[in-house]
Amino acid sequence: MTDTPLHTALTALRDDRAKAPTNMREAFKSDPQRFCRFSLTEGDLLLDWSKCAVALSTMGLLEKLALAAKLPERREAMFSGQKINVTEGRAVLHMALRNSADAKVMVDGHDAMGGVRTVHEAMARFSDAVRSGAVVGATGRKFTDIVNIGIGGSDLGPAMATLALAPYHDGPRAHFVSNVDGAHIHDTLKPLDPQTTLFIIASKTFTTIETMTNAETARKWIETALGADAVARHFAAVSTALDKVASFGIVPERVFGFWDWVGGRYSVWSAIGLPVMLAIGPQCFSEFLAGAHEMDRHFATAPLLENLPVVMGLIGYYHRVICNYPARAVIPYDQRLARLPAYLQQLDMESNGKQVTLDGIRVTTPTGPLVWGEPGTNGQHAFFQLLHQGTDVIPVEFLAAAEGHEPELRHHHNLLVANCLAQSEALMKGRTLEEARRQMLTKGMAVAEVDRLAPHRVFPGNRPSITLLYRKLDPHMLGRLIALYEHRVFVEGVLFGINSFDQWGVELGKELATGLLPVVEGTEDAARSDASTAGLVRHIHKLRAG
Ligand code: F6P
1299 MTDTPLHTAL TALRDDRAKA PTNMREAFKS DPQRFCRFSL TEGDLLLDWS
1349 KCAVALSTMG LLEKLALAAK LPERREAMFS GQKINVTEGR AVLHMALRNS
1399 ADAKVMVDGH DAMGGVRTVH EAMARFSDAV RSGAVVGATG RKFTDIVNIG
1449 IGGSDLGPAM ATLALAPYHD GPRAHFVSNV DGAHIHDTLK PLDPQTTLFI
1499 IASKTFTTIE TMTNAETARK WIETALGADA VARHFAAVST ALDKVASFGI
1549 VPERVFGFWD WVGGRYSVWS AIGLPVMLAI GPQCFSEFLA GAHEMDRHFA
1599 TAPLLENLPV VMGLIGYYHR VICNYPARAV IPYDQRLARL PAYLQQLDME
1649 SNGKQVTLDG IRVTTPTGPL VWGEPGTNGQ HAFFQLLHQG TDVIPVEFLA
1699 AAEGHEPELR HHHNLLVANC LAQSEALMKG RTLEEARRQM LTKGMAVAEV
1749 DRLAPHRVFP GNRPSITLLY RKLDPHMLGR LIALYEHRVF VEGVLFGINS
1799 FDQWGVELGK ELATGLLPVV EGTEDAARSD ASTAGLVRHI HKLRAG
């Protein structure tokens, strides 16, 4: 392992960092071109990573690392439909779902594009019919509310995108039920009228216990209110398991399929996006797809260091592996991206939270970081204290739009943007002890008080952040941003040497939950469980017995 090109590139990067730790304050002072050197624009989307402690030499070494990891070859393998998801024997082709070019996308010797177009057209026909009132509920009333029942990739993508595109909604209201906790479906259905509610059961496998349990409850809700015959009119499904959907009782005209080469967390572009299309209409949904396609073309063709997903991936890798930062915070200064951090948690952590290489050998470097976040400015009044003065360095990713959708509230937007810029500046610059002292003395504070308080007012600074700046969060831009993050996760996965497209780590808990259900129900005893689990079950039963 020690004489591979990858190992040599990694060693060079580590040496570079050890020899020349970049002080960003100094770097900005000494190089007026720093922003130009470490930022990229692609249309009206800008990526600024100048507030990361990298030098030109670092970028050169990162590029070498990408070449040593065969990033261009791996990218080509993905786009050409090779089965790069080696543990499941599947191609990875979510890009085909937004491929508006005439080009064929070959899977197992067949062009996948015919099927993609057929499903998108069927979705558009169904959406138009629901939106116009041509398709109505069992009592002849127009659907006012859609409830999507799904979890993970069958929930987070459409939920995130529906909220993000709220200004474009002109269809029925969309609601999302994911948790098996009965509280979720109960509280969602409480204000709704069964006569005007349409359910979409979204599950790639149509076996996921949470989704199937919620779907049964929804079916009972409709049957109780409107009779068993109403089920056909009030349900649609999105799945790759068409036989299982049929046995649930959903009529074939209401079933929208997709394929095993679409990973759950990469599926918002497929029929899984149906609730988004119902909310914003087929035209806006096409713009969402077109934005993603534009990012695909950019990722496939731009030189490595002028390539947004590649640069974001390289910086992400640098922070995780070379700097050993355990986490990254994603802070959209865009309230409608409130679900983006949760969406990215699945996209990133389910993809790159792995411990073995493609060959099943234990990795020798850290892999995917912990991803978390909340919209700004709210986060500033919650956890930013730790980002600025805590003992761990956590790189931050800021997202902000130059323009909001509410021109009458421009003052709000200016405040929002000013806060976003201020946070990245504060993280980078920090405040020295001397500066803290000077500020307090200028305000007329007594010297003894200054001595006591100054250490508390020091900000270490030199804390990295990147900023993604865009004109406006419209469907096209959202498509670009999500595709950018998808490809960034791919880039990091290639550099880590892992398979980003399976998720075996979710299986064990599912298996144990199945075995524990009768124990919790009290029909089996906990003899096979460990003492802690058995003790917890006993205590639950005791609490229930009052
Ligand atoms: O949590 C594991 C997982 O398989 C995710 O990868 C997936 O998005 C989610 O469950 C839902 O799966 P399905 O769409 O098959 O119900």
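The numbering of the sequence shown is the numbering used here, which starts it at 1299 and goes up by one.
Yeah, the Cβ is synthetic: ideal placement off N, Cα and C, and Gly gets one too.
Every value quoted in this text rests on a predicted model; they were computed, and no experiment measured them.
{"Item": "Residue 1600 versus residue 1319 - alpha carbon distance", "Value": "29 angstroms"}
{"Item": "The ligand F6P heavy atom lying under 7 angstroms from the CB of residue 1388", "Value": "no"}
{"Item": "Residue 1385 classed as buried or exposed, judged by whether at least 16 other C-beta atoms fall within 10 angstroms", "Value": "exposed"}
{"Item": "Buried versus exposed, by CB contacts within 10 Å (16 or more), residue 1810", "Value": "exposed"}
{"Item": "C-alpha distance - residue 1416 paired with residue 1469, whole-angstrom precision", "Value": "22 angstroms"}
{"Item": "Heavy atom of the ligand F6P within 7 angstroms of residue 1502 beta-carbon", "Value": "yes"}
{"Item": "Closer than 7 angstroms: residue 1804 CB and nearest the ligand F6P heavy atom", "Value": "yes"}
{"Item": "Alpha-carbon spacing of residue 1679 relative to residue 1721, whole angstroms", "Value": "12 angstroms"}
{"Item": "Test item: CB-CB of residue 1620 and residue 1350 under 8 angstroms", "Value": "no"}
{"Item": "Minimum C-alpha distance to residue 1551 - residue among 1752, 1532, 1557", "Value": "1532"}
{"Item": "Close Cβ partners of residue 1410 (< 6 angstroms) along its chain, the five nearest in sequence each way excluded", "Value": "1394, 1403"}
{"Item": "Stretch pair the region 1495-1503 + the region 1665-1682: three plus CB contacts closer than 8 angstroms", "Value": "no"}
{"Item": "DSSP three-state assignment for residue 1752, whether helix, strand or coil", "Value": "helix"}
{"Item": "Nearest-angstrom beta carbon gap, residue 1516 and residue 1445 [assumed within contact, 8 angstroms]", "Value": "7 angstroms"}
{"Item": "Three or more C-beta pairs below 8 angstroms linking the region 1735-1749 and the region 1712-1720", "Value": "no"}
{"Item": "beta-carbon residue 1798 near the ligand F6P non-hydrogen atom, thresh 7 angstroms", "Value": "no"}
{"Item": "C-beta contact flag for residue 1786 and residue 1607 at 8 angstroms", "Value": "yes"}
{"Item": "Neighbourhood of residue 1824 by C-beta distance below 6 angstroms, restricted to the same chain and skipping five residues each side", "Value": "1817, 1832, 1835"}
{"Item": "Near the ligand F6P: residue 1328 beta-carbon under 7 angstroms from a heavy atom", "Value": "no"}
{"Item": "Straight-line Cα distance separating residue 1582 from residue 1575", "Value": "8 angstroms"}
{"Item": "Length at least 3, wholly inside the region 1332-1356: the beta strand (DSSP E) runs in chain order", "Value": "1337-1340, 1343-1346"}
{"Item": "Residue 1452 beta carbon near the ligand F6P (any heavy atom closer than 7 angstroms)", "Value": "yes"}
{"Item": "Integer-rounded CB distance, given that residue 1627 should sit under 8 angstroms from residue 1671", "Value": "5 angstroms"}
{"Item": "Under 8 angstroms between C-beta atoms of residue 1382 and residue 1799", "Value": "yes"}
{"Item": "Proximity test, residue 1648 beta-carbon vs the ligand F6P heavy atom, cut-off 7 angstroms", "Value": "yes"}
{"Item": "Cβ separation of residue 1859 and residue 1573, assumed to be a contact under 8 angstroms, to the nearest whole Å", "Value": "Summary: the structure shown does not reach residue 1859, with the chain confined to residues 1299 through 1844, and so no result is reported for it."}
{"Item": "Sequence-distant residues of the same chain with beta carbon closer than 6 angstroms to residue 1544, five excluded per side", "Value": "none"}
{"Item": "Assumed close pair residue 1451, residue 1562 - CB separation to whole angstroms, cut-off 8 angstroms", "Value": "3 angstroms"}
{"Item": "Residue 1637 CB to nearest heavy atom of the ligand F6P below 7 angstroms", "Value": "no"}
{"Item": "Cβ-heavy atom distance, residue 1801 to the ligand F6P, below 7 angstroms", "Value": "yes"}
{"Item": "Heavy atom of the ligand F6P within 7 angstroms of residue 1506 beta-carbon", "Value": "yes"}
{"Item": "Range covered by the alpha helix (DSSP H) that runs through residue 1806", "Value": "1805-1819"}
{"Item": "Spatially closest choice to residue 1703 from 1462, 1330, 1354, by CA coordinates", "Value": "1462"}
{"Item": "Every unbroken alpha helix (DSSP H) within the region 1668-1742, with a cutoff of 4 residues, ordered by chain", "Value": "1682-1687, 1708-1727, 1731-1740"}
{"Item": "Residue 1449 Cβ short of 7 angstroms to the ligand F6P heavy atom set", "Value": "yes"}
{"Item": "Where the beta strand (DSSP E) through residue 1789 begins and ends", "Value": "First-last for residue 1789: 1773-1794, but that is the alpha helix (DSSP H), not the beta strand (DSSP E)."}
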